[in-house]
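So the structure is just underneath, and the comments pick up after that.
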Amino acid sequence: MVESIHRSTRAQREQWIKEANYNVFKLRSEHVFIDLLTDSGTGAMSDRQWSEMMVGDESYAGASSYFKMKDTIKELFGFEYFLPTHQGRAAENVLFSALVKAGDVVPGNSHFDTTKGHIEFRKAKAVDCTIKEAFNTTIFHPFKGNLDLGKLEDVLKSYPQEKIPFIVVTITCNSSGGQPVSMENLRGVRQLADKYGIMVVFDSARFAENAYFIKTREAGYENKSIREIVLEMFSYADAMTMSSKKDAIVNMGGFIGLRDKELFDKAAVFNIMFEGYITYGGMSGRDMNALSQGLREGTEFDYLETRISQVAYLGTRLVEFGVPVQQPFGGHAVFVDARRFLPQLPKEQFQAQTLVVELYLEGGVRGVEIGALLADRDPETRENRFPALELLRLTIPRRVYTNNHMDYVATALANVYERSNTITSGLKIVHEAPIMRHFTVDLAKVV
Ligand SMILES: *Cc1c(COP(=O)(O)O)cnc(C)c1O
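Numbering of the sequence shown is given in our numbering, commencing with residue 1 and proceeding in unit increments.
Here you go:
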């Protein structure tokens, strides 16, 4: 669908962001000109997807739309069993209810916030094993989403097997900048998992973008199709959680893919409790149809190339303006290094969030903070956690904006960069929720 967008004046934006307590999640969308908050559920569906909506089967049980989705998942990922859920975190909730208990340890690569939330909510611990290159935005590494296999093995060695329900591999790795994981690394994780008898779960929201990077960056894969690469990737996993709002290009939806019947049966109980009956799990038939079609379109090379090139276009424009960004550029977003952008601000004043607010004031562009606000407090000490990276994420919705819009965004941010030394104070927290605070936090200017 084509939607109109709305321009505004700086004076209006000053008023609106103040009313939103300097939290861009609290802005009304019509007060945003170009919305790069997220690529989650914000894509434009295709003609094919809309026509699939018309032939959805809304039967409560055993709908043909369910079987269409089941066949697509079997064909693309090789999973025999699946459970539909209303979105990605719901898939996590259902699967983790079956697998995670208090005192457990879940190693992975920069766990996504909802993933970490669902682990910590169950009084378990998420241990980050991402390679150290990921935390230096100036180093070029083709697979910054990779796990450090040495670190991972240390974790697997230091805890008894029954304390580690699974290893979670996020593809691509959202929190470290939309960075891919190589096939070699996925294989390495599988080998370690087998050695220690641990399950592997892929957090798969951007699996197709990950496959694109494998095809274009990893030796031996240049002549393989995206679908072949996807099948090999998932051959190293025991289960997957999926937020279909990303690479399946739908506005809402998710699922769990599984190999093991016993685990499927266990998770199905939670699916019925939290989501819906196992053949719809929080989705309507038409939405399952659009999702199946979206998975097919999302794994076409030409589509992926167009999308990922647009992200790189924005990144390149920013580099031309001298703006410090994470390189290589991610699959779904460009990540701006707020520490290098606003080095004069103390980290306690939330550099990345300050930059988010400045960009909104400058041009009505809504980005999002991936930094200390998102990192939340340590669940035990309740101290603020300051992650290795303070980032402003500019996330590009799928099939929505043109490169002309990207030029506007780059120019707006370049304007902020030019006057960055005049930004001498940041933000402080006025009110926050006990978990996942970034969505609802109220902030005020430090004066
Ligand atoms: C978006 C996302 C999730 C959560 O999915 P929702 O659909 O937003 O609930 C989990 N993991 C990753 C990597 C994601 O990007």
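By construction, the Cβ of each residue, glycine as well, lies at the ideal position given by its N, Cα and C atoms. Being a predicted model, the structure only gives us computed values, none of them experimental.
query: Taking the alpha-carbon positions, what's the valine 169 to serine 175 distance?
result: One C-alpha to the other measures close to 12 Å.
query: Whose C-alpha, out of Thr72, Met1 and Ile5, is nearest the C-alpha of glutamine 293?
result: Nearest to glutamine 293 by C-alpha distance, out of Thr72, Met1 and Ile5, is Thr72.
- prompt: Any idea which residues DSSP pairs glutamine 179 with across the strands?
  reply: Under the DSSP definition of a beta bridge, glutamine 179 partners with Cys173.
message: Comparing C-alpha positions only, which one of Arg366, His431 and Arg399 sits nearest to alanine 448?
response: The requested residue 448 is not part of the displayed model; the chain covers only 1 to 447.
- prompt: Do valine 127 and proline 142 come within 8 Å of each other at the CB atom, strictly closer than that value?
  reply: Contact: no.
query: Among Leu258, Leu355, Pro343 and Asp247, which one has its Cα closest to the Cα of leucine 304?
result: For leucine 304, the closest C-alpha among the options Leu258, Leu355, Pro343 and Asp247 is that of Asp247.
- prompt: What are the start and end residues of each continuous beta strand (DSSP E) run of 3 or more residues lying completely inside the stretch 338–403, in chain order?
  reply: List check, beta strand (DSSP E) in window: 368–370 and 391–395.
task: Would you tell me roughly how many angstroms separate the C-alpha atoms of asparagine 421 and arginine 393, rounded to the nearest one?
output: Rounded to whole angstroms, the separation of the alpha carbons of arginine 393 and asparagine 421 is 21 Å.
message: Please report the distance separating the alpha-carbon of glutamine 353 from that of glycine 364.
response: Each residue's alpha carbon lies about 15 Å from the other.
- prompt: What three-state label does DSSP hand leucine 423 in the structure shown?
  reply: The displayed chain sequence assigns isoleucine, not leucine, to residue 423. Isoleucine 423: coil per DSSP, three-state reduction.
task: To the nearest angstrom, report how far apart asparagine 23 and arginine 307 are at their CA atoms.
output: Asparagine 23 and arginine 307: Cα-Cα distance of roughly 28 Å.
message: Counting C-beta neighbours from all protein chains within 10 Å, is the total for phenylalanine 439 16 or more, i.e. buried, or is it exposed?
response: Exposed: under 16 other Cβ atoms inside 10 Å.
Environment of glutamine 179 [buried if 16+ CB atoms lie within 10 Å]: In summary, glutamine 179 is buried, with 16 or more beta-carbon neighbours lying within 10 Å of its beta-carbon over all protein chains present.
- prompt: Whole-angstrom Cβ separation of glycine 285 and proline 84, contact assumed at under 8 Å?
  reply: Actually they are not in contact, since the Cβ atoms of glycine 285 and proline 84 sit about 10 Å apart, beyond 8 Å.
field: Which of helix, strand or coil DSSP assigns to histidine 431
entry: If DSSP states are grouped into helix, strand and coil, histidine 431 belongs with the strands.
- prompt: When the Cα atoms are used, what is the spatial distance from tyrosine 212 to aspartate 287?
  reply: Answer to the nearest angstrom: the Cα atoms are 26 Å apart.
task: Measure the alpha-carbon distance for aspartate 302 versus isoleucine 214 and round it to whole angstroms.
output: The alpha-carbon atoms of aspartate 302 and isoleucine 214 are separated by roughly 15 Å.
message: ligand 2 and serine 243: does the residue's C-beta get closer than 7 Å to at least one heavy atom of that ligand?
response: Among the ligands modelled here, namely ligand 1, ligand 2 does not occur.
- request: Inspect the CB distances between the stretch 418–436 and the stretch 344–353 and report whether three or more fall short of 8 Å.
  value: In this structure the stretch 418–436 touches the stretch 344–353; the number of beta carbon pairs closer than 8 Å is three or more.
- request: Using a threshold of 8 Å, state whether the C-beta atoms of asparagine 185 and asparagine 210 are closer than that.
  value: Result no, Cβ atoms of asparagine 185 and asparagine 210 do not sit closer than 8 Å.
query: Between the stretch 216–234 and the stretch 74–83, do three or more beta carbon pairs fall short of 8 Å?
result: Touching, yes, given that three or more Cβ pairs across the two stretches are closer than 8 Å.
- prompt: Taking the DSSP output, what are the residues bridged to tyrosine 81?
  reply: Beta-bridge pairing links tyrosine 81 to Leu258.
- request: Using a threshold of 8 Å, state whether the C-beta atoms of glutamine 326 and threonine 137 are closer than that.
  value: Taking 8 Å as the cut-off, the beta carbon of glutamine 326 is found closer than this to the beta carbon of threonine 137.
- request: If I'm right that phenylalanine 452 touches phenylalanine 82 with Cβ under 8 Å, what's the distance once you round it to whole angstroms?
  value: Lying before the first or after the last residue shown, residue 452 is absent from the chain, which here runs from 1 to 447.
message: Measuring straight from C-alpha to C-alpha, what distance separates arginine 206 and alanine 91?
response: Roughly 15 Å separates the two Cα atoms.
query: alpha helix (DSSP H) containing tyrosine 117: first to last residue?
result: Looking at the sequence itself, residue 117 is glycine, so the reference to tyrosine does not match. Note, glycine 117: alpha helix (DSSP H), 113–121.
query: Is any heavy atom in ligand 1 found nearer than 7 Å to the beta carbon of arginine 89?
result: At least one heavy atom of ligand 1 sits closer than 7 Å to the Cβ of arginine 89.
task: Go ahead and pull the three-state DSSP assignment for aspartate 407.
output: Three-state result, aspartate 407: helix.
message: DSSP three-state label for aspartate 71, please.
response: DSSP places aspartate 71 in helix when its eight states are reduced to three.
message: Among Arg89, Glu3, Leu27 and Met1, whose alpha-carbon lies nearest the alpha-carbon of leucine 361?
response: In terms of CA proximity to leucine 361, Leu27 leads the group Arg89, Glu3, Leu27 and Met1.
message: Distance check for valine 447 and arginine 187, CA to CA, integer angstroms please.
response: Cα to Cα, arginine 187 sits roughly 52 Å from valine 447.
- request: With DSSP as the reference, label methionine 233 as helix, strand or coil.
  value: Residue state, collapsed to three classes: helix.
task: Could you check the C-alpha separation between alanine 102 and methionine 436 for me, to the nearest Å?
output: If you take the alpha carbons of alanine 102 and methionine 436, they lie about 19 Å apart.
query: Is the beta carbon of serine 110 within less than 7 Å of some heavy atom of ligand 1?
result: No; taking the cut-off as 7 Å, the Cβ of serine 110 has no heavy atom of ligand 1 nearer than that.
task: Would you check whether ligand 1 has a heavy atom nearer than 7 Å to the C-beta of asparagine 174?
output: Using a cutoff of 7 Å, the CB of asparagine 174 counts as near ligand 1, since one of the ligand's heavy atoms is closer than that.
query: Alpha carbon to alpha carbon, what distance is there between methionine 273 and glutamate 52?
result: When rounded, the distance between both Cα atoms is 28 Å.
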